[in-house]
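K.L.:
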Amino acid sequence: MVDLAPFRGVRYTPSHDLADVTAPPYDAIDPGLSHRLHQRSAVNVVRLERAEPHGRDRAGRDRYELAADTYRSWLEAGVVARDPGPALYVYEQQYMESGEQRHQRGVLAALRLVPWGSGEVLPHEHIFRPPVEDRLRLLAALPVNTSPIYVLARAEPAEVTTVLDEVSAGRADAVFTDPEEGVTHRLWVVADSDVTAAVRAGYAPARVLMADGHHRYTGALQHHDTRPGPGTGRILAYVVGPGGGTDRAGPVVRAMHRLVRRLAPDARRRLAEVGARLVPVADEDANPRRIVAVLDERPTARFGLLTRQERTLVEFDDVAAEALVPRELPAEVRHLDVAVLQAVLSGPLEVDQAQGVRYTPDAQAAAEEIMAGDADALFVLRPVTVSHVRAVADAGARMPPKTTSFFPKPRTGLVLRPLE
């Protein structure tokens with residue numbers, strides 16, 4: 053049973069432009085974007101979500117203590133304010149993908165935490181430990197869910213769809229377009245207890261798939277175990293239905309490409325020794341986005357490899373791929389391109405995937421970093437599908453860390469959820 057509850061959210065007061073003060077989730081903020089967000093507004097939510105500095109400031113505060121002090125000062129100054137009573141927040145996003153306008157709609161609610169393995173909240177990826185520790189330290193200093201996790205419900209009952217249609221037909225309480233992705237966000241605050249009860253009852257029988265937020269959810273579970281309190285047993289969640297029966301609704305899945313800071317000089321030889329065939333990419337196909345299309349045209353191609361010197365497709369036949377991938381991996385995961393790449397990076401190429409790799413859905417920007425000399429190599433992957441993610445999760449399996457990037461992600465700072 054999925055247990056959703058209304059909550060008293062904290063939101064920016066009306067004098068603030070939400071395009072200026074909201075941000076992507078913490079793990080989608082690289083150092084360059086962090087700097088731009090800090091410069092964009094003195095009260096941008098990045099100052100809570102990913103506060104600078106990474107050491108200690110002049111007052112001796114670390115980034116987590118600084119975030120907590122900043123939040124308290126914003127409450128006192130009226131930068132943000134708590135809603136008068138519990139509410140659910142209907143949330144809609146409109147965006148462009150491949151030249152087509154799409155949308156997704158769901159509800160921001162307080163989702164009851166249940167342990168992984170309960171069958172109610174299904175993970176689909178493995179995690180890295182450092183991001184969990186980071187989110188855990190932030191929760192300990194600042195007991196507020198600053199950004200929602202993002203979960204997909206198996207179904208959206210007709211009564212829920214009816215309620216969401218009625219709510220979203222009215223005037224939104226907030227509308228803005230974000231500067232990073234050009235997504236238009238709309239929010240409706242729903243405090244009517246009959247409406248919130250209908251949504252809660254409608255979603256209760258569902259299981260949900262974790263689309264984005266594995267590290268935050270794991271951190272919240274650990275925080276609740278070690279510091280149990282009235283609000284620690286829930287987490288801010290964006291719950292999205294399956295798309296309303298249209299292929300232009302719901303999220304898309306983007307691949308998470310691997311930007312490697314240091315690649316062994318003899319990487320080509322090492323790849324060849326484990327059965328790889330390296331196929332040069334024609335000049336007209338050298339754009340990273342085009343490489344993804346070329347991958348789809350070659351069944352044995354597993355990923356693209358971009359360096360300052362070359363653009364290459366890396367092919368493995370089934371026998372070579374099978375020999376590389378650990379035998380203990382579940383069948384639903386073994387054949388994935390990302391599983392082969394993970395085996396290549398951790399094996400013959402000897403790359404530390406927690407510290408030596410940056411994960412990004414933006415292959416074009418990553419390729420520019422390669423040409424600028426900021427990294428040695430970019431490994432380009434084709435994306436998996438939502439249905440494949442569901443199949444892996446339903447089987448109780450997990451893909452390698454940072455396999456997927458669901459888009460669009462809920463905006464951080466639209467609604468905060470205090471735990472106290």
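Residues are numbered in the numbering used here as their position in the sequence shown, beginning at 1, plus a constant of 52. Note that the Cβ used here is the ideal one computed from N, Cα and C, for glycine as well. What you are looking at is a predicted structure, and each value in this text was computed from that prediction instead of being measured.
Among the residues of its own chain, which have a CB less than 6 Å from the CB of V95, if the five just before and after it don't count?
P.N.:
Here the set comprises V73 and V131.
K.L.:
Run through the DSSP bridge pairs and tell me what N197 is partnered with.
P.N.:
DSSP output for N197 lists R469 as bridge partner(s).
K.L.:
Taking the C-alpha atoms as reference points, what is the distance between L471 and L127?
P.N.:
If you take the alpha carbons of L471 and L127, they lie about 15 Å apart.
K.L.:
If you follow the alpha helix (DSSP H) that M423 is part of, which residue opens it and which one closes it?
P.N.:
It spans A415 to M423 - the alpha helix (DSSP H) in which M423 sits, taken as one unbroken run.
K.L.:
Since S497 is in the alpha helix (DSSP H), which residue starts that stretch and which ends it?
P.N.:
Since the first and last residues shown for the chain are 53 and 472, residue 497 lies out of range.
K.L.:
Return the residue from the list G302, G84 and E367 that minimises the CA-CA distance to Y147.
P.N.:
Out of G302, G84 and E367, G302 has the C-alpha closest to the C-alpha of Y147.
K.L.:
Verify whether the separation of the beta carbon atoms of V344 and P452 is less than 9 Å.
P.N.:
Cβ distance not < 9 Å, so V344 and P452 don't count as in contact.
K.L.:
If V203 and V260 are in contact, beta carbons under 8 Å, what's the gap, nearest whole angstrom?
P.N.:
About 4 Å separates the two Cβ atoms, so the contact holds.
K.L.:
Compute the distance between the beta-carbons of G425 and R360, then report whether it is under 9 Å.
P.N.:
Against a cut-off of 9 Å, the Cβ pair of R360 and G425 comes out as a contact.
K.L.:
So, helix, strand or coil for P332, using DSSP?
P.N.:
P332: strand per DSSP, three-state reduction.
K.L.:
Is G297 buried or exposed, if buried means 16 or more other CB atoms sit within 10 Å of its CB?
P.N.:
Note on G297: pLDDT 42, under 50, position unreliable in the model; the coordinate value appears next. Burial call: exposed.
K.L.:
Does the Cβ-Cβ distance between A75 and A120 come in under 9 Å?
P.N.:
No, the Cβ-Cβ distance between A75 and A120 is not below 9 Å.
K.L.:
What does the alpha-carbon distance come out to for the pair G61 and P209?
P.N.:
Rounded to whole angstroms, G61 to P209 spans 25 Å at the Cα level.
K.L.:
Quick test of the definition: if touching needs 3 or more C-beta pairs under 8 Å, does the region 427-434 touch the region 349-369?
P.N.:
Yes, the region 427-434 touches the region 349-369.
K.L.:
For H87, which residues does DSSP report across the bridge?
P.N.:
Answer by DSSP bridge pairing: none, since H87 is not bridged.
K.L.:
In angstroms, rounded to a whole number, what distance separates the CA positions of R113 and A391?
P.N.:
Cα to Cα, the separation comes out at about 41 Å.
K.L.:
Return the CA-CA distance between D186 and A334, expressed in angstroms with no decimal places.
P.N.:
Spanning the two alpha carbons is a distance of roughly 42 Å.
K.L.:
Cβ of T122 versus every heavy atom of the ligand COA: is any distance shorter than 8 Å?
P.N.:
In terms of ligand content, the structure shown is empty, and the ligand COA therefore cannot be addressed.
K.L.:
Which parts of the region 109-151 are runs of the beta strand (DSSP E), unbroken and 3 residues or longer, counting only runs that do not cross its ends?
P.N.:
Counting whole runs of 3 or more residues, the region 109-151 contains the beta strand (DSSP E) stretches 132-134 and 140-149.
K.L.:
Taking the alpha carbon of G265 as the reference point, which residue from V305, L70, Y78 and D69 has its own alpha carbon closest?
P.N.:
When only C-alpha atoms are compared, the closest one is Y78.
K.L.:
Which term fits A395, buried or exposed, when burial requires 16 or more other beta carbons within 10 angstroms of its beta carbon?
P.N.:
Classification for A395: buried.
K.L.:
If I measure Cβ to Cβ from R306 and keep anything under 6 Å in the same chain, skipping five residues before and after, which residues do I get?
P.N.:
Taken in chain order, the residues that qualify are P413, P435, S457 and F459.
K.L.:
Could you compute how far the alpha carbon of R157 sits from the alpha carbon of L365?
P.N.:
In a straight line, the C-alpha of R157 is about 38 Å away from that of L365.
K.L.:
Counting pairs of beta carbons, one from the region 245-256 and one from the region 205-222, are three or more of them closer than 8 Å?
P.N.:
They touch, by the three-pair rule.
K.L.:
For H155, collect the residues of the same chain with a Cβ closer than 8 Å to its Cβ; drop the 5 residues on either side in sequence, then sort them by chain order.
P.N.:
The residues are E144, Q145, Q146, Y147, R300 and A301.
K.L.:
How close, in whole Å, do the beta carbons of L165 and L56 come, if the pair is a contact with beta carbons under 8 Å?
P.N.:
In fact, because the Cβ distance is near 12 Å, the residues do not count as touching under 8 Å.
K.L.:
Please state if the CB of L311 and the CB of A406 are separated by a distance shorter than 9 Å.
P.N.:
The answer is no: Cβ separation not under 9 Å.
K.L.:
Check P267 in the structure and name its three-state DSSP category.
P.N.:
Checking the sequence, you will find His at residue 267 rather than Pro. Reduced to three states, the DSSP call for H267 is helix.
K.L.:
What are the boundary residues of the beta strand (DSSP E) that T248 is part of?
P.N.:
No beta strand (DSSP E) holds T248; the alpha helix (DSSP H) holding it covers S245 to Y255.
K.L.:
Would you list the one or two residues that DSSP bridges to M451?
P.N.:
The partner list for M451 (beta bridge, DSSP) reads E177.
K.L.:
My understanding is that Y239 touches D230, with C-beta atoms under 8 Å, so please give their C-beta distance in whole angstroms.
P.N.:
The amino acid occupying residue 239 in the given sequence is Leu; Tyr does not appear at that position. Actually they do not touch by this definition, with Cβ atoms about 13 Å apart.
K.L.:
Nearest-angstrom Cα distance between L466 and E374?
P.N.:
Answer to the nearest angstrom: the Cα atoms are 45 Å apart.
K.L.:
Spell out the partners DSSP gives V95 in its beta bridges.
P.N.:
Note: V95 sits in no beta bridge, so no partner.
K.L.:
Taking Cβ to Cβ, would you say A243 is nearer than 9 Å to G171?
P.N.:
No, the pair does not count as a contact, with Cβ atoms beyond the cut-off.
K.L.:
DSSP on G281, reduced to helix/strand/coil?
P.N.:
G281: coil per DSSP, three-state reduction.
K.L.:
With a cut-off of 8 Å on the beta carbons, I'd call E367 and P332 a contact; round off their distance for me.
P.N.:
That belief does not hold up - the Cβ atoms of E367 and P332 are roughly 12 Å apart, past 8 Å.
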